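Engineer:
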Amino acid sequence: MISEFAPTVTAVSSAIQKVDADALVLGVAKGPDGPVLLPNPLAEKAAKGVSDSLTALGASGAADQLLRLPGVDGYQSETLVLIGVGKLTGEPDGGVSSEALRRAAGSAVRQLSSAQSVALALPAATVEQVAAVAEGAALGAYNFPHFKGSEKAKSKTPVSEIAVLTELRDKHTKPAVARANVVAAAVRATRDLVNTPPSHLYPESFADVVKTNAKGTKLKVKVWDHKDLEKEGFGGLLGVGNGSSRKPRLVRVEHSPSRPVAHVALVGKGITFDTGGISLKPANAMTTMKLDMAGAATVAAVVRAAADLDLPVKVTGWLCLAENMPSSTAQRPEDVITIYGGKTVEVLNTDAEGRLVMADGIVAAGEENPDAIIDVATLTGAQMIALGLRTVGVMGQEALRDKIVEASNDAGESHWAMPIPEEALTSFESPIADLTNLGAREGGMLNAAAFLREFVPNRADSDSDALDPEANRIPWAHIDLAGPAFNEKGAYHYVPKGGTGVTVRTLLSYLEGLTR
C-alpha cells in the first residue's frame with residue numbers, strides 16, 4: 006500500500022546557517038525548575054538568547070505546545086518555532102526518549118501545515134534519534150482532503166520538505182531515514198483507507214486498491230469473489246456479506262523473499278461498513294463504522310512495507326472483506342453458518358460479525374502452516390472499556406503475544422498484553438452448533454479472543470498425544486484495536502483526527518525482530 010502524498014524527508018549535516026526552510030524548529034522540555042531549551046545547532050549567543058526568553062515567551066515544554074517567533078538573525082528561516090517535548094527523562098544525549106522526539110517532530114510538522122519546508126533542530130546526535138525525528142515528522146505530514154468540494158481545500162497539502170539537522174554523515178543516517186519514510190508511508194496509506202467513505206470503499210473496490218498498489222512490486226495478490234467463496238465454503242464471509250448488494254471478497258497478498266527466515270500470516274478484519282445487520286446498531290453508533298476495516302488496511306500496508314523494506318520474512322496477508330447490511334438476503338439471528346474448514350456457528354447477534362469473517366481467514370491462513378498467525382481487528386467495544394482509546398489489546402499464545410507487546414514498545418505504540426481466561430469459551434456454547442457467535446458481555450474483548458482461538462489450526466507437525474492440546478496449535482495472537490484505530494477527538498502528537506494507522510509500526514518492528 007502506498008499513500009498518495011509523500012513528503013521529502015532528509016537528514017542534513019550542513020551548517021545550520023546554510024539551511025533554507027520556512028521554519029526552524031527547536032525543542033523545549035519541562036525541566037525540574039522550568040522550561041529547558043534542548044541541545045541544538047544554533048550559535049551559542051543565539052541559543053542563549055532563546056533560552057533566556059523561554060519563560061517570558063510562555064514556553065512550558067509541555068508536549069504539543071508550539072510557539073512561533075520571528076527568525077533569528079544570521080539564519081535563513083523566517084520563523085523560529087519552539088515545540089514542547091514533555092518532561093526530561095534523564096535519557097542520554099538530550100534527556101528525552103526516542104518516542105518523545107518522534108512525537109515532538111510529528112506535532113511540529115502537523116501544526117506547521119501552512120509551511121512548505123521545515124528544518125528540525127531537535128536532538129539528533131545518534132542514528133536512533135535521527136530515525137525517530139524523521140519518522141515522527143513523516144507521520145505528522147498528513148491530511149485527507151480528497152472529498153472536499155472546494156479547490157482551495159483540495160490543493161492544501163501538508164509540509165512537503167522536511168530536513169532533520171544532524172552532525173552525522175549521510176552514510177550513517179541514510180538507511181534510517183529511508184526506513185522511516187517507508188514506515189510512515191505505510192501508516193499514511195492505512196489512514197487513507199480508513200478515512201475513505203463507504204460510498205467509495207467496499208469489498209470489491211478495496212480488493213482493487215490492493216491489486217493496484219501491488220503493481221510494479223514483487224507482491225502476489227489473489228482475490229476470491231462471491232462465487233469463489235461459495236464454491237470453497239467461506240461461510241463467515243458469505244453470511245456477513247450476503248445482506249449487501251456489494252458482495253464480499255477474500256484477498257491474499259504475499260511478500261515472499263527467496264530465503265525467508267520465517268513465515269508470518271496476518272489476518273485483517275475488513276468490514277467496510279457495519280450497520281450491525283439485522284441486529285441493527287443505533288444511529289449514533291453507526292457514524293464511525295467506516296473504520297471497521299482498519300485491521301485489513303493495517304495488514305495490507307504492512308505486507309507492502311515488508312516488501313519495500315525487503316525483509317527476509319515471508320508475510321502473507323489475508324483481508325476478510327464484507328459489508329454488513331440489513332436486507333431480505335441478510336443472515337438472521339439463529340441462522341447456523343459453516344465456517345471455512347467445517348466448524349458451525351449459531352449466529353445469535355448479526356452485529357458480532359467480525360469474528361465470523363476472521364474465522365474464515367484464520368483457518369485459510371493456517372492451511373499454509375505458517376510459523377505464526379497474527380490477526381488484527383477492530384473487534385469489540387469492550388476493548389475501549391478495558392483499555393481506552395489509545396492502548397491496543399493483545400491476546401493469544403503468551404510467547405507470541407509478549408513479543409508483539411515488546412515490539413510495540415520499540416515502535417513507540419501502546420499495546421497491552423491481556424489474558425484469555427480458561428472459562429471464556431463456555432459462554433459460546435450452542436445446543437445445535439459447535440459454537441454461538443455471542444459470548445458473555447463481561448470481559449467481551451477476552452471472550453472474543455477465545456472464540457477466534459477455536460479456529461486456529463494445529464501445526465503440521467503437531468503431536469496428537471500431547472498433554473496440552475493448545476501446544477499443538479500454530480502460534481497465534483489477536484490484536485484488538487477498536488478504539489485506537491480511529492481518533493474522534495482532536496489531533497495530538499503525530500496522530501491526526503480520523504484514521505490513525507496504529508499497529509502498523511508495531512507489526513513491522515515485530516517482523517524486523519525475526520531477522521535479528
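Last residue of the sequence shown: 521 (the working numbering), numbering continuous. We put the beta carbon where it would ideally sit given N, CA and C, even for glycine. Model, not experiment: these values are computed from the prediction.
1) Evaluate K319 with the Cβ neighbour count: other Cβ atoms within 10 Å of its Cβ, from every protein chain shown; 16 or more gives buried, anything less gives exposed.
2) Would you mind sorting L62 into buried or exposed? The rule is 16 or more other CB atoms within 10 Å of its CB.
3) Which one or two residues does DSSP pair with M400 in a beta bridge?
4) What would DSSP say about P40, mapped onto helix, strand or coil?
5) According to DSSP, is I437 helix, strand or coil?
6) Assess, as a yes-or-no matter, whether the segment 330 to 349 is touched by the segment 296 to 308 under the definition of 3 or more beta carbon pairs within less than 8 angstroms.
7) When the Cα of V399 is compared with those of A67, M389 and V410, which residue comes out closest?
8) Which complete beta strand (DSSP E) runs does the segment 163 to 241 hold, if anything under 3 residues is left out?
9) Kindly indicate which three-state DSSP category N374 falls into: helix, strand or coil?
10) For A270, tell me which candidate among D213, L405 and A190 has the shortest Cα-Cα distance.
11) Is S18 close to chain D, meaning its C-beta is less than 8 angstroms from at least one C-beta of that chain?
12) For V500, which of helix, strand or coil comes out of DSSP?
13) Do L242 and V362 have their beta-carbon atoms positioned less than 8 angstroms apart in this structure?
14) Roughly how many whole angstroms lie between the Cα atoms of E83 and R257?
15) What are the start and end residues of each continuous alpha helix (DSSP H) run of 4 or more residues lying completely inside the segment 295 to 383, in chain order?
16) Going straight from the alpha carbon of E171 to that of S250, what length do you get?
17) With 16 as the cutoff for other CB atoms within 10 Å, does P37 come out buried or exposed?
18) Hey, could you find the ends of the beta strand (DSSP E) E259 is sitting in?
19) Once you ignore the five residues that flank G79 on each side, which residues in its own chain have a CB closer than 8 angstroms to its CB?
20) Nearest CA to the CA of A339: which residue from L443, D485 and E373?
21) What does the alpha-carbon distance come out to for the pair A382 and T131?
22) What separation, rounded to the nearest whole angstrom, lies between the Cα atoms of A306 and Y515?
23) Enumerate in chain order the residues of its own chain whose CB-to-CB distance from Q116 is below 7 angstroms, with the five nearest sequence positions on each side excluded.
24) Starting from D84, trace the beta strand (DSSP E) in both directions and tell me its first and last residue.
25) Does the beta-carbon distance from A28 to V86 come in below 8 angstroms?
26) Is the beta carbon of I167 less than 8 angstroms from the beta carbon of V101?
27) Among the candidates K232, K286 and L324, whose CA atom is the shortest distance from the CA of K216?
Structural biologist: Quick answer:
1) buried
2) exposed
3) According to DSSP, which records beta bridges pairwise, M400 is partnered with H483.
4) strand
5) coil
6) no
7) V410
8) 166 to 170 and 225 to 229
9) coil
10) Measuring from the Cα of A270, the nearest candidate turns out to be L405.
11) Considering every chain present, this structure includes no chain D. It has just one protein chain.
12) strand
13) yes
14) 50 angstroms
15) 299 to 313 and 359 to 371
16) Here the sequence assigns Thr to residue 171, which means Glu is not the residue at that position. T171 and S250: Cα-Cα distance of roughly 55 angstroms.
17) exposed
18) R254 to H260
19) Q22, A48 and A51
20) According to the sequence provided, residue 339 is Glu. The question's Ala does not apply to it. The option with the nearest alpha carbon to E339 is L443.
21) C-alpha separation (whole angstroms): 36 angstroms.
22) 15 angstroms
23) L71
24) Inspection of the sequence shows that residue 84 is occupied by Thr rather than by Asp. Residues T84 to K92.
25) yes
26) no
27) L324
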